[in-house]
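Q:
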Amino acid sequence: MRIQPAELQAWADHRRAVLDRLEPGQAMLLFGAHHHLRNGDAEYRYRQVSDLLYVSGWEDPEVAVLLRPDGDRRFQMWVQPKDPEREVWTGVREGTEGAVERYGADHASPWGQLEAELGEQLLGVHTLYYAAARDPQQDALVMRAIAGVRRKAERELFVPVPSAFVDPGRVLHELRLSKTEHELSLLREAARITSQAHVAAMSAAKDGVFEYELEALIDYRFRTLGGNGPGYTSIVGGGAGACILHYITNREPLRAGDLVLIDAGCEYRNYTADVTRTFPVDGTFTAAQRELYQLVLDVEVACIESVRPGLCFSSLHELAVRLLTEGMVRLGLLEGEVDQLIEDKDYRRYYMHGTSHWLGMDVHDVGAYVGEGESRRLQPGMVFTVEPGLYVPPDDERAPERFRGMGVRIEDDILVTQDGYEVLTAGCPKTIEDVEAACRG
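Everything in the sequence shown is counted per this note's numbering, starting at -7 for the first residue and increasing by one.
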């Protein structure tokens, strides 16, 4: 991926924000992701750890980053060295020279020297922001490196070595939760591409088309429009498959008269959209499909329209639950008093997931949902989804027959602004009229 000047500046800004939150005697150590085998000796396509991407942009494996606010190596990297023989097989490497010249590292060493050098670089550090107890190999390397210089540090130099470990997320994930203008530009492009892919799928669906054909079309649109590909495994569930929340087999034929639910988002330059649309296979909603769909749509719109700075994050789910429960009573899916149904969680028979989650570099992005003893309050720059749904299993004899086997979810990506919100995915049709028009092409 060709690096843009704006990206280099963004990564530098992210590092500066991290370093500003570290005190002298503190440092942050981040490791890259491992390669994972798919089968045999074939590997999955590599995707870097988002935290490391956030501060460096480095996309290759075998990498570690050390950030330290004091000293002349505030940004140090250990990376794969140049190796012409290996590069024939796996592609050109940036090497240590590229880490310094193109990515702005103050110093870069070959990956193989990490264990030998790390201890020395941690001299004088008493608190290390490091994700301990997640990777035994990395933990062992870090402990060996610290142990190797502990005696020298304590008896000769009289300086500390790390004795306290803090999860980097305490700093990084709070920073990642509030998006910069550069990050928002990437999310808007991811949303634009995603919306076009969903529209293409709507117009391509018809009786006999297989779910995987729509998935392939969506992937094709993601890539041809400039995206990295899917930000997560796409869900294409026709008929009863739409009632399975994480349905990713995507191998059944679509049938006229059924709904198809597609949950798919494009990742663009490591930032992903997350959109769900539900539409009729043959392009026209039946009367029962309209009833269920319109209820979910009305709830989604009401939740979005409630977004404003200062709103408790949990309020979105509470509103969705109340409105959906009221609607389920009207449609005959539930019986009883709304307050009691909510208290008893009877609504979970047909609505069993949350309404929102953070969005950014990861589809379920980082950031605490609770702070200071209460639900987090929304602030400008936060991006999240709103995605109410209803799922009526085909064998649920308690449900009115006309709704059985229907699953409906509608999901958009929302930015909190200074005075309200912006729907990043507004370009993707969702009213009944607009969806039917998109299905007709």
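Using N, Cα and C, we set each Cβ at its ideal position, and we do this for glycine too.
Pull the bridge partners of A100 from the DSSP assignment, please.
A: On the sequence shown, position 108 is the one that residue 100 refers to. Its beta-bridge partners are M69.
Q: For V330, collect the residues of the same chain with a Cβ closer than 8 Å to its Cβ; drop the 5 residues on either side in sequence, then sort them by chain order.
A: Within the sequence shown, residue 330 is the residue found at index 338, counting from 1. Contacts found: R314, T317, E318, V321.
Q: Please report the distance separating the alpha-carbon of V474 from that of R94.
A: With the chain running from -7 to 433 in the structure shown, residue 474 is simply not present.
Q: So what does DSSP say about T278, is it helix, strand or coil?
A: Along the sequence shown, read from residue 1 onward, the residue named residue 278 stands at position 286. Here T278 sits in coil by DSSP.
Q: Which class does M135 belong to by DSSP, given the choice of helix, strand or coil?
A: Reading the sequence shown from its first residue, position 143 is the one you call residue 135. Three-state DSSP puts M135 in a helix.
Q: Pull up the DSSP beta-bridge partners for V158, would you.
A: Position 166 of the sequence shown, counted from the first residue, corresponds to residue 158. DSSP output for V158 lists Y121 as bridge partner(s).
Q: Please name the residue, chosen from V408, A391, P154, that lies closest to P372 on a Cα-to-Cα basis.
A: Here residue 372 corresponds to residue number 380 of the sequence shown, with the count starting at 1. P372 has its Cα closest to that of V408, out of V408, A391, P154.
Q: Looking at the strands, I want to know which residues DSSP matches up with C304.
A: As a first step, residue 304 must be located in the sequence shown, where it is residue number 312. According to DSSP, C304 bridges with R369.
Q: Taking only the alpha-carbon atoms, compute the straight-line gap between F418 and A182 and give it to the nearest angstrom.
A: Numbered from 1 along the sequence shown, position 426 holds the residue referred to as residue 418. Numbered from 1 along the sequence shown, position 190 holds the residue referred to as residue 182. The residue asked about is misnamed: residue 418 is Ala in this sequence, not Phe. Whole-angstrom Cα-Cα distance: 12 Å.
Q: Please classify L120 as buried or exposed, where buried requires at least 16 other C-beta atoms within 10 Å of its C-beta.
A: Locating residue 120 in the sequence shown gives position 128, counting from the first residue. Its Cβ being crowded by 16 or more others within 10 Å, L120 is buried.
Q: In this structure, does DSSP put A91 in helix, strand or coil?
A: Looking up residue 91 in the sequence shown gives position 99. A91: helix per DSSP, three-state reduction.
Q: From L246 to Y383, what does the alpha carbon distance come to, in whole angstroms?
A: For this step, residue 246 is matched to residue 254 along the sequence shown. For this step, residue 383 is matched to residue 391 along the sequence shown. Distance between the alpha carbons of L246 and Y383: 18 Å.
Q: Does DSSP classify G461 as helix, strand or coil?
A: As displayed, the chain neither begins before -7 nor continues past 433, which places residue 461 out of reach and without an answer.
Q: Among L22, P73, Y260, S101, which one has its Cα closest to the Cα of V158?
A: Counted from its first residue, the sequence shown places residue 158 at position 166. Nearest C-alpha to V158: L22.
Q: Does D43 pass the burial test, meaning 16 or more other C-beta atoms within 10 Å, or should it be called exposed?
A: Here residue 43 refers to the residue found at position 51 of the sequence shown. When all chains shown are included, D43 counts as buried.
Q: By alpha-carbon positions, which one of A234, I240, I236 ends up nearest to T225?
A: One-based indexing of the sequence shown puts residue 225 at position 233. It is I240 whose Cα lies nearest to the Cα of T225.
Q: Restricting to Cα atoms, I'd like to know which of G397, M20, A(-2), M344 is closest to G161.
A: In the sequence shown, the residue the question calls residue 161 occupies position 169. Considering only alpha carbons, the answer is M20.
Q: Take G257 as the anchor and find which of R168, G352, Y204, T347 has the nearest alpha-carbon.
A: For the purposes of this step, residue 257 is taken as residue 265 along the sequence shown, with counting starting at 1. Closest option to G257, Cα to Cα, is G352.
Q: Using CA coordinates, which residue listed in A429, A123, R184, V57 is at the minimum distance from A100?
A: Looking up residue 100 in the sequence shown gives position 108. Minimum Cα distance to A100 is reached at V57.
Q: Among T278, H26, Y413, which residue has its Cα nearest to the Cα of R394?
A: Along the sequence shown, read from residue 1 onward, the residue named residue 394 stands at position 402. Ranking the options by Cα distance to R394, first place goes to T278.
Q: To the nearest angstrom, how far is it from the Cα of V355 to the Cα of R213?
A: In the sequence shown, the residue the question calls residue 355 occupies position 363. In the sequence shown, the residue the question calls residue 213 occupies position 221. Going from the Cα of V355 to the Cα of R213 covers about 19 Å.
Q: Kindly identify the DSSP beta-bridge partner or partners of D255.
A: Numbered from its first residue, the sequence shown carries residue 255 at position 263. Answer by DSSP bridge pairing, in chain order: I227, T268.
Q: So if DSSP puts L246 in a beta bridge, which residue, or which two residues, is it bridged to?
A: As a working note, residue 246 is residue 254 in the sequence shown. L246 is not bridged to any residue.
Q: So the alpha helix (DSSP H) L106 belongs to, where does it begin and stop?
A: Taking the sequence shown and counting its residues from 1, one reaches residue 106 at position 114. L106 -> alpha helix (DSSP H) spans 106 to 113.
Q: Counting only the same chain and skipping the five closest in sequence on each side, list residues whose C-beta sits under 8 Å from that of G238.
A: What you label residue 238 is simply residue 246 of the sequence shown in a count that begins at 1. The sequence shown places His at residue 238, not Gly. The answer, listed in chain order, is I227.
Q: Which residues in the same chain as G275 place their Cβ atom closer than 7 Å to its Cβ, once the five residues preceding and following it in sequence are excluded?
A: In the sequence shown, counting from the first residue as 1, residue 275 sits at position 283. E428, C431, R432, listed in sequence order.
Q: What residue does the beta strand (DSSP E) around D405 start on, and which one ends it?
A: On the sequence shown, residue 405 is found 413 positions in, with the first residue counted as 1. Segment 404 to 408, the beta strand (DSSP E) holding D405.
Q: Considering M20, what are the terminal residues of the beta strand (DSSP E) in which it resides?
A: Counting from one through the sequence shown, the residue named residue 20 turns up at place 28. From DSSP, the beta strand (DSSP E) with M20 extends over 18 to 23.
Q: Quick one: what's got a C-beta closer than 8 Å to Y204's C-beta in the same chain, skipping five residues either side?
A: Sequence index remark: in the sequence shown, residue 204 carries index 212 (1-based). Counting only Cβ-Cβ distances below 8 Å, and skipping sequence neighbours, we find V228, N242, R243.
Q: For D266, which option in R136, H349, V291, S298 has the closest C-alpha, if you only look at C-alpha atoms?
A: Against the sequence shown, residue 266 aligns to sequence position 274. Answer by Cα proximity: H349.
Q: Taking the continuous beta strand (DSSP E) assigned at Y38, which residues delimit it?
A: Within the sequence shown, residue 38 is the residue found at index 46, counting from 1. It is not in any beta strand (DSSP E) - Y38 carries neither H nor E in the DSSP assignment.
Q: Decide if I(-5) is buried, meaning its Cβ has at least 16 other Cβ atoms within 10 Å, or exposed.
A: The residue given as residue -5 occupies position 3 in the sequence shown. Exposed.
Q: Within its chain, find whatever has a CB closer than 6 Å to the CB of G87; leave out the 5 residues flanking it on each side and keep chain order.
A: The residue you call residue 87 lines up with position 95 of the sequence shown. Here the set comprises P73, K74.
Q: Between E379 and G346, what straight-line distance do the alpha-carbon atoms span, to the nearest angstrom?
A: Translated into the one-based positions of the sequence shown, residue 379 becomes position 387. Translated into the one-based positions of the sequence shown, residue 346 becomes position 354. E379 and G346: Cα-Cα distance of roughly 8 Å.
Q: Which of the three DSSP states is assigned to R340 in this structure?
A: Position 348 of the sequence shown, counting from 1, holds the residue named residue 340. Residue state, collapsed to three classes: helix.
Q: Use the C-beta contact count for W3: other C-beta atoms within 10 angstroms, 16 or more gives buried, fewer gives exposed.
A: Position 11 of the sequence shown holds residue 3. With 16 or more other Cβ atoms within 10 Å, it is buried.
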